[in-house]
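Residue numbers (mature numbering (1 follows the signal peptide of the UniProt record, and there is no 0)): -27 to -1, 1 to 180.
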């Protein structure tokens, strides 16, 4: 996804780069003087003359946190709009690193007895669900793709947010978690959103 902003004051064309695969086109000499980016090491992708600003879509439109709620779950995971009928295979599930998420669930549920909410891992008819480890049965609630206000209700009922994904350029759930005062367990290799993680906001996992 690409967004173009024409700044008349400084006559600077800034590009928000969401996918690194655009890099060969956008770094052509003289084409664009600056970029908004989300990369951990932008110097590997952009030439020195390009001006850079670390800014993502997730920096904007933060929710009102609402009232605190009783904690019912240990963690929450947002699966976006996954292809449930193919057992959560496809681009959306790949971007959310669902394969690794299931491996992690085996440990979280089986070894630690954690409870959680897996958002958007059931179809819109609320009948078929993506398979999860048997150790999570009875401990994990799977939901449909739900409206954001319902998602925030589940966030307020959870203790922390799980981010196993890698190919995610601007996960708004990161800043939504911070607004709800929830720590994050985040994949260190995530494309965007890593900048919100520090010793006060959560822990990084290397997977």
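Don't be surprised by glycine CBs; every beta carbon is placed ideally from N, CA and C.
None of the values given here were measured: they were computed from a predicted structure.
Among the options, which residue has its Cα nearest to the Cα of residue i?
{"i": "residue 85", "options": "135, 108, 172", "result": "108"}
{"i": "residue 76", "options": "98, 29, 126, 135", "result": "135"}
{"i": "residue 28", "options": "41, 148, 153, 11", "result": "11"}
{"i": "residue 96", "options": "124, 167, 59, 81", "result": "59"}
{"i": "residue 62", "options": "98, 41, 94", "result": "94"}
{"i": "residue 54", "options": "67, 43, 42", "result": "67"}
{"i": "residue 167", "options": "138, 23, 155, 124", "result": "138"}
{"i": "residue 181", "options": "57, 104, 6, 64", "result": "Residue coverage of the chain in this structure runs from -27 to 180, which leaves residue 181 outside it and unanswerable."}
{"i": "residue 64", "options": "140, 180, 157, 178", "result": "140"}
{"i": "residue 119", "options": "144, 106, 92", "result": "92"}
{"i": "residue 21", "options": "7, 145, 41", "result": "7"}
Would you mind reading off the limits of the alpha helix (DSSP H) that contains residue i?
{"i": "residue 37", "result": "Per DSSP, residue 37 belongs to no alpha helix (DSSP H) and is neither H nor E."}
{"i": "residue 151", "result": "145 to 152"}
{"i": "residue 67", "result": "64 to 68"}
Since residue i is in the beta strand (DSSP E), which residue starts that stretch and which ends it?
{"i": "residue 50", "result": "46 to 51"}
{"i": "residue 133", "result": "131 to 136"}
{"i": "residue 181", "result": "For residue 181 there is no data in the structure shown, the boundaries of the chain being -27 and 180."}
{"i": "residue 83", "result": "Unbroken run through residue 83 is the alpha helix (DSSP H), 71 to 83; no beta strand (DSSP E)."}
{"i": "residue 177", "result": "175 to 178"}
{"i": "residue 157", "result": "157 to 160"}
{"i": "residue 89", "result": "89 to 92"}
Given this structure, state the Cα-to-Cα distance separating residue i from residue j, to the nearest angstrom.
{"i": "residue 31", "j": "residue 112", "result": "30 angstroms"}
{"i": "residue 160", "j": "residue 69", "result": "11 angstroms"}
{"i": "residue 45", "j": "residue 123", "result": "15 angstroms"}
{"i": "residue 162", "j": "residue 115", "result": "26 angstroms"}
{"i": "residue 9", "j": "residue 165", "result": "12 angstroms"}
{"i": "residue 71", "j": "residue 52", "result": "8 angstroms"}
{"i": "residue 172", "j": "residue 178", "result": "13 angstroms"}
I believe residue i touches residue j by the beta-carbon criterion, under 8 angstroms. Please report the beta-carbon distance rounded to the nearest angstrom.
{"i": "residue 99", "j": "residue 121", "result": "With a Cβ gap of about 18 angstroms, residue 99 and residue 121 do not count as contacting."}
{"i": "residue 49", "j": "residue 23", "result": "Going by Cβ atoms, the distance from residue 49 to residue 23 rounds to 38 angstroms, so no, they are not a contact pair."}
{"i": "residue 15", "j": "residue 25", "result": "5 angstroms"}
{"i": "residue 73", "j": "residue 180", "result": "6 angstroms"}
Between which residues of its own chain and residue i is the CB-CB distance below 7 angstroms, once the five residues before and five after are set aside?
{"i": "residue 169", "result": "147, 148, 151"}
{"i": "residue 157", "result": "133, 134, 136, 147, 150, 170, 174, 175"}
Enumerate in chain order the residues of its own chain whose CB-to-CB distance from residue i is below 6 angstroms, with the five nearest sequence positions on each side excluded.
{"i": "residue 35", "result": "148, 152"}
{"i": "residue 127", "result": "49, 90"}
{"i": "residue 155", "result": "133, 134"}
Apart from the five residues just before and just after residue i, which ones in its own chain have a Cβ nearer than 8 angstroms to its Cβ?
{"i": "residue 101", "result": "57, 58, 95"}
{"i": "residue 43", "result": "130"}
{"i": "residue 87", "result": "47, 48, 81, 112"}
{"i": "residue 143", "result": "-10, 11, 29, 30, 31, 165, 166"}
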